[in-house]
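Below: one structure, written as structure tokens.
Protein chains in written order, with our numbering: chain A, 8 to 428; chain B, 139 to 387.
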């Protein structure tokens with residue numbers, strides 16, 4: 008129908024060389040940015056114009072892997088993305104947690120989560136970022152998201168709209184600008200939003216290994232004195248390693264010759280899966296914690312790593328980002344269906360209220376876990392082992408933790424419950 | 139109509155008060171913040187009622203295509219703009235020239251075509267205007283003669299059309315919350331915005347609507363959720379409430 012939706016589109020529409028104007032412009036074509044774009048287009052239809060700008064748009068080369076918890080999977084299922092990557096996703100059948108010194112001969116299992124929140128619903132899947140990003144790009148194209156292979160160089164947030172300038176010099180108008188441009192977010196800086204946080208002085212060594220025996224979908228988290236060492240199952244006889252060390256030590260280890268690196272890895276990995284072999288690159292990512300002081304500013308919303316970065320101890324970083332996506336999408340969709348402004352205070356206040364406290368709580372919890380486990384204190388070791396032992400013996404408490412870890416407790420946005428908007 | 143003062147339902151003192159506020163209409167963090175926060179719940183109520191009445195799909199962004207809507211006491215256009223975006227053809231009237239100037243300016247900035255008029259409900263009724271939906275949101279508690287005002291509005295509703303009214307109930311609780319609480323304690327709205335004795339009970343409003351030839355088809359309370367800082371629908375009609383009335387086909 009051709010209608011009075013001339014609305015915002017009546018301005019600047021006469022210049023065909025200029026993209027836009029848009030209702031929502033997202034900076035950053037990562038997992039968070041693309042998922043948000045898809046959710047908005049699918050819920051609001053073709054008249055709602057969404058663009059994603061990223062200079063690295065067609066250079067998807069993310070060697071990392073992600074744990075997608077049940078809530079995140081619901082979201083990807085609801086958007087039709089999960090079907091595209093299901094064969095690349097390894098369900099986590101169970102998780103064991105041990106608390107050991109590096110030279111302990113035995114690593115007694117203190118906590119064993121079997122992998123289902125509910126029958127037939129695994130708590131999490133492991134997936135490599137590369138195929139997931141490729142699937143999101145494919146879906147975004149299919150849904151008519153405008154993909155711009157350039158960055159957002161600057162912007163001017165006016166009361167009624169944002170005037171943005173792209174790195175290629177194009178001017179573009181949008182009603183909402185979403186900064187999904189990562190932890191070092193240039194947009195967050197430009198919006199004058201401060202962060203508070205600290206470095207952990209730890210780095211995570213990330214690599215993938217192939218092993219002789221099947222992992223049977225088991226995830227392992229060994230709390231070694233330097234920090235958690237996680238073995239996360241990938242499809243086939245492969246696992247992803249997230250290995251925390253003090254930053255100096257991590258830098259030394261990744262730079263070792265292959266055979267020495269292998270020895271260091273094997274000391275921690277153990278021999279229970281047979282011979283192991285490192286596959287693909289290895290990199291050390293410095294670990295930090297920070298939280299943006301505000302998740303919103305005039306006509307701007309932060310989502311994902313631009314808003315918060317937490318310790319990877321619980322594998323919740325991306326899932327927090329997807330929770331941002333689901334909450335922001337629901338706030339925008341509800342408002343736009345009432346004819347309200349997608350970049351107005353109704354949307355931004357609701358999003359901020361929904362996410363900031365929750366993100367802060369998750370950040371504090373993971374920080375506490377890391378402090379509890381990354382140390383050599385025998386006293387703390389007794390405290391945490393008693394704690395884990397208690398949890399292990401109380402099935403109800405374990406279920407509560409499992410639902411919490413799966414992202415299915417609290418005020419869960421509709422998309423994370425697998426409902427459409 | 140005879141040009142008697144009694145025939146005008148506009149209270150001059152109220153018009154002056156709102157004109158002073160007009161500049162701040164669109165500042166959601168400013169003095170009109172409470173109205174901005176109230177906007178989603180009343181828009182959702184209007185959308186639900188209209189979609190039910192006119193058989194529209196709620197999720198569509200053009201759900202109001204082809205509907206002609208009158209917003210009486212439109213102020214700075216906080217309702218007119220979203221209703222227009224949903225596809226309606228909207229007439230906004232307000233007795234205050236300043237409000238109409240502010241609303242017109244803002245609609246132009248938003249790129250929306252809205253028919254704003256510095257006029258009154260009775261002038262439009264006299265001119266024989268007809269609408270699918272007539273809205274009197276937060277306005278009946280400000281008019282000099284509520285039953286007359288409602289009757290004149292009801293005249294303008296097309297057969298099978300709707301009139302939707304939002305207002306404040308006249309109870310002890312509304313005195314405590316809307317006058318003492320909102321104006322004096324919280325400072326949400328300027329002191330003197332409301333006069334409690336002009337508040338309207340649902341029963342009085344229903345009688346006025348029925349006399350205007352409409353049938354009340356729905357009613358709801360609206361309460362403030364202090365934790366979430368939002369307004370939500372509720373069965374509690376002691377303070378804020380909304381009524382929907384339909385004209386028989």
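Don't be surprised by glycine CBs; every beta carbon is placed ideally from N, CA and C. These numbers come from a predicted model, not from an experiment.
Measure from the C-beta of residue 246 of chain B to each C-beta in chain A and report whether the shortest distance is under 8 Å. The residue labelled residue 246 of chain B in the question sits at position 108 within the second chain. False, the Cβ-Cβ gap to chain A never drops below 8 Å.
Is it true that the CB of residue 215 of chain B sits closer than 8 Å to the CB of residue 252 of chain B? In the second chain, counting from the first residue as 1, residue 252 of chain B sits at position 114. In the second chain, counting from the first residue as 1, residue 215 of chain B sits at position 77. It is a contact, given that the beta carbons lie within the stated cut-off.
Residue 316 of chain B - DSSP class collapsed to helix/strand/coil: Position 178 of the second chain, counting from 1, holds the residue named residue 316 of chain B. Note: residue 316 of chain B maps to helix in three-state DSSP.
From what residue to what residue does the beta strand (DSSP E) around residue 285 of chain B run? Taking the second chain and counting its residues from 1, the one referred to as residue 285 of chain B is at position 147. DSSP places residue 285 of chain B outside any beta strand (DSSP E); the residue lies instead in the alpha helix (DSSP H), whose first and last residues are 284–293.
As a quick exercise: from A:372, A:280, A:308, pick the residue whose alpha carbon is nearest that of residue 320 of chain A. For this step, residue 320 of chain A is matched to residue 313 along the first chain. In terms of Cα proximity to residue 320 of chain A, the closest of A:372, A:280, A:308 is A:372.
Distance between beta carbons of residue 362 of chain A and residue 331 of chain A, contact taken as under 8 Å: Translated into the one-based positions of the first chain, residue 331 of chain A becomes position 324. Translated into the one-based positions of the first chain, residue 362 of chain A becomes position 355. Approximately 6 Å separates the beta-carbon atoms of residue 331 of chain A and residue 362 of chain A; this is inside 8 Å, confirming the contact.
Determine the DSSP secondary structure at residue 40 of chain A, reduced to helix, strand or coil. For the purposes of this step, residue 40 of chain A is taken as the residue at position 33 of the first chain. In this structure, residue 40 of chain A counts as helix in the three-state DSSP scheme.
Which term fits residue 286 of chain A, buried or exposed, when burial requires 16 or more other beta carbons within 10 angstroms of its beta carbon? Taking the first residue of the first chain as position 1, residue 286 of chain A is located at position 279. Residue 286 of chain A is exposed by the Cβ-count criterion.
Taking a Cβ distance cut-off of 9 Å, strictly less, list which residues of the segment 343–357 of chain A are near chain B, in chain order. For the segment 343–357 of chain A, the beta-carbon criterion of a distance under 9 Å to any beta-carbon of chain B is satisfied by 343, 344, 345, 346, 347, 348, 351, 352, 353, 356, 357.
Closest by C-alpha distance to residue 209 of chain A, when choosing among A:242, A:276, A:253, A:154: Reading the first chain from its first residue, position 202 is the one you call residue 209 of chain A. Closest by alpha carbon: A:253.
Classify residue 426 of chain A: buried if its beta carbon has 16 or more other beta carbons within 10 angstroms, exposed otherwise. On the first chain, position 419 is the one that residue 426 of chain A refers to. When all chains shown are included, residue 426 of chain A counts as exposed.
Please classify residue 222 of chain B: does DSSP put it in a helix, a strand, or coil? On the second chain, position 84 is the one that residue 222 of chain B refers to. Looking at residue 222 of chain B - three-state DSSP - the assignment turns out to be helix.
Which partner residues does residue 175 of chain A have in the DSSP bridge list? Locating residue 175 of chain A in the first chain gives position 168, where the first residue counts as 1. Looking at the DSSP assignment, residue 175 of chain A forms no beta bridge with any residue, so it has no partner.
Residues sharing a beta bridge with residue 363 of chain B, DSSP: In the second chain, the residue the question calls residue 363 of chain B occupies position 225. In DSSP, residue 363 of chain B forms a bridge with B:368.
Is there contact between the segment 327–344 of chain B and the segment 293–308 of chain B, where contact requires at least three CB pairs shorter than 8 Å? Between the segment 327–344 of chain B and the segment 293–308 of chain B there are three or more C-beta pairs closer than 8 Å, enough to call the two in contact.
Give the straight-line distance between the Cα atoms of residue 17 of chain A and residue 329 of chain B, rounded to the nearest whole angstrom. Counting from 1 along the first chain, the entry for residue 17 of chain A is found at position 10. Counting from 1 along the second chain, the entry for residue 329 of chain B is found at position 191. Interpretation of residue 17 of chain A is limited by its pLDDT of 36, a score under 50 that renders its predicted location unreliable; no figure is taken from the coordinates.
Does any CB atom of chain A fall closer than 8 Å to the CB of residue 387 of chain B? Position 249 of the second chain, counted from the first residue, corresponds to residue 387 of chain B. By this cut-off, residue 387 of chain B is not an interface position.
Indicate whether residue 273 of chain B and residue 209 of chain B have their beta-carbon atoms separated by less than 8 Å. The residue given as residue 273 of chain B occupies position 135 in the second chain. The residue given as residue 209 of chain B occupies position 71 in the second chain. Their beta carbons are under 8 Å apart, which means residue 273 of chain B touches residue 209 of chain B by this criterion.
Can you tell me whether DSSP reads residue 162 of chain A as helix, strand or coil? Against the first chain, residue 162 of chain A aligns to sequence position 155. The answer is strand: DSSP assigns residue 162 of chain A an E or B state.
Any beta carbon of chain B sitting closer than 8 Å to that of residue 425 of chain A? Position 418 of the first chain, counted from the start, is the residue given in the question as residue 425 of chain A. With 8 Å as the cut-off, residue 425 of chain A does not count as an interface residue toward chain B.
Step through the CB atoms of chain B and report whether any lies within less than 8 Å of the CB of residue 184 of chain A. If you number the first chain from 1, residue 184 of chain A lands on position 177. Cβ-Cβ to chain B under 8 Å: no for residue 184 of chain A.
Residue of A:256, A:243, A:244, A:214 minimising C-alpha distance to residue 237 of chain A: Taking the first residue of the first chain as position 1, residue 237 of chain A is located at position 230. Measuring from the Cα of residue 237 of chain A, the nearest candidate turns out to be A:214.
With distances taken from CA atoms, which of A:131, A:107, A:140, A:127 is nearest residue 71 of chain A? What you label residue 71 of chain A is simply residue 64 of the first chain in a count that begins at 1. Per the C-alpha coordinates, the member of A:131, A:107, A:140, A:127 positioned closest to residue 71 of chain A is A:140.
What do you reckon, are the CB atoms on residue 306 of chain A and residue 197 of chain A nearer than 8 Å? The residue labelled residue 306 of chain A in the question sits at position 299 within the first chain. The residue labelled residue 197 of chain A in the question sits at position 190 within the first chain. No, these two residues do not count as a Cβ contact at 8 Å.
Cα-Cα separation between residue 232 of chain A and residue 95 of chain A, rounded to whole angstroms: Here the question's residue 232 of chain A lines up with position 225 in the first chain. Here the question's residue 95 of chain A lines up with position 88 in the first chain. Rounded to the nearest angstrom, the gap between the Cα atoms of residue 232 of chain A and residue 95 of chain A is 33 Å.
Option in B:248, B:367, B:293, B:172 with minimal Cα separation from residue 351 of chain B: For the purposes of this step, residue 351 of chain B is taken as residue 213 along the second chain, with counting starting at 1. When only C-alpha atoms are compared, the closest one is B:293.
Between the C-alpha atoms of residue 326 of chain B and residue 170 of chain B, what's the straight-line distance to the nearest angstrom? Translated into positions along the second chain, residue 326 of chain B becomes position 188. Translated into positions along the second chain, residue 170 of chain B becomes position 32. Pairing residue 326 of chain B with residue 170 of chain B, the inter-Cα distance amounts to about 8 Å.
Cβ-Cβ separation, residue 41 of chain A to residue 143 of chain A (assumed contact under 8 Å), whole Å: Counting from one through the first chain, the residue named residue 143 of chain A turns up at place 136. Counting from one through the first chain, the residue named residue 41 of chain A turns up at place 34. About 4 Å separates the CB atoms of residue 143 of chain A and residue 41 of chain A; that is less than 8 Å, so the two are in contact.
Residue 244 of chain B classed as buried or exposed, judged by whether at least 16 other C-beta atoms fall within 10 angstroms: Mapped onto the second chain, residue 244 of chain B falls at position 106. Result: buried.
For residue 9 of chain A, which of helix, strand or coil comes out of DSSP? Indexing the first chain from 1 puts residue 9 of chain A at position 2. Annotation note: pLDDT 33 at residue 9 of chain A (below 50); position unreliable, coordinate value reported separately. Three-state DSSP puts residue 9 of chain A in coil, outside helix and strand.
Per the DSSP calculation, residue 292 of chain A is bridged to which residue(s)? Stepping through the first chain from its first residue, residue 292 of chain A is reached at position 285. Answer is A:211.
List the endpoints of the continuous beta strand (DSSP E) containing residue 65 of chain A. Locating residue 65 of chain A in the first chain gives position 58, counting from the first residue. Boundaries for residue 65 of chain A: no beta strand (DSSP E) harbours it, and the DSSP string shows neither H nor E there.
Classify residue 132 of chain A as buried or exposed, calling it buried when 16 or more other Cβ atoms lie within 10 Å of its own Cβ. For the purposes of this step, residue 132 of chain A is taken as the residue at position 125 of the first chain. Answer is buried; the Cβ neighbour count reaches 16.
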